[in-house]
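Residue numbers (my numbering): 287 to 490.
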């Protein structure tokens, strides 16, 4: 993974997931609507994991501070217009995800969506006390198994697009025996190939 939850924390992990949205649309033809439909349940569980680790320590300030951090992580600015309660009200006014996407949501709108599960389960999260990062990670991975299977099942209709897009980090883990693989398939890592458009000339 590019940004594992245990390595960078749930907030940055969720930001990386959402940061690939435009790239995935370009490479695989998965629309913003379809991407959010499959990504946000995972982001939701990431933020619940974050709340389990941190909310009970500072329950009075957690939601506001985390919302502001998410807004910045998702490409927005931390200013006076950022208000979680206001964004949650707007979020609940949409008729569905299509209506939400058509509104061309700003980072603060997506940040509010990311925290919707935390707000919904706030009382039980606080009553549960502080959970260790390892336990929160295990619970997160167990919780999003079906979400990951749903994402894997996405069908790429355009024959000119990439159907299976595997990050180099995954093949590296498979080749080193650190990631589950098929017993009949052996992966040998040789090199990473990038498009010239993704390379930058070194200035002298």
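The beta-carbon is built from N, C-alpha and C at its ideal position, and this holds for glycine as well.
Next item on the list: Kindly confirm or deny that the stretch 421-441 and the stretch 348-360 touch, where touching means at least three C-beta pairs closer than 8 Å.
Entry: no
Notebook entry, point to check: Rounded to whole angstroms, how far is the Cβ of residue 377 from the Cβ of residue 399, which I believe are closer than 8 Å?
Noted result: Taking the first residue of the chain shown as position 1, residue 377 is located at position 91. Taking the first residue of the chain shown as position 1, residue 399 is located at position 113. 6 Å between Cβ atoms; contact.
Note to self: I'd like the list of long-range same chain contacts for residue 295, defined as Cβ closer than 8 Å, with 5 residues on each side in sequence excluded.
What the structure shows: Numbered from 1 along the chain shown, position 9 holds the residue referred to as residue 295. The answer, listed in chain order, is 336.
Next item on the list: Please check the pair residue 387 and residue 322, which I expect to be a contact at CB under 8 Å, by giving their CB distance rounded to whole angstroms.
Entry: Locating residue 387 in the chain shown gives position 101, counting from the first residue. Locating residue 322 in the chain shown gives position 36, counting from the first residue. The Cβ separation is near 6 Å, so the contact holds.
Checklist line | Outcome for residue 469 when other beta-carbon atoms lying within 10 angstroms are tallied against a minimum of 16 | finding: Numbered from 1 along the chain shown, position 183 holds the residue referred to as residue 469. Counting Cβ neighbours within 10 Å, residue 469 comes out exposed, since fewer than 16 surround it.
Notebook entry, point to check: How about residue 394 and residue 436: are their beta carbons less than 7 Å apart?
Noted result: Your numbering for residue 394 matches position 108 in the chain shown. Your numbering for residue 436 matches position 150 in the chain shown. Taking 7 Å as the Cβ cut-off, residue 394 and residue 436 do not qualify as a contacting pair.
Margin query: Taking 7 Å as the threshold (C-beta atoms), are residue 479 and residue 314 in contact?
Written below: Translated into the one-based positions of the chain shown, residue 314 becomes position 28. Translated into the one-based positions of the chain shown, residue 479 becomes position 193. No.
Margin query: Taking only three categories from DSSP, how would you classify residue 324?
Written below: Taking the chain shown and counting its residues from 1, the one referred to as residue 324 is at position 38. Helix at residue 324.
Check: Starting from residue 316 and walking both ways along the alpha helix (DSSP H), at which residues does that stretch end?
Finding: To locate residue 316, count along the chain shown from 1; it is residue 30. Looking at the DSSP string, residue 316 is not in any alpha helix (DSSP H), and its letter there is neither H nor E.
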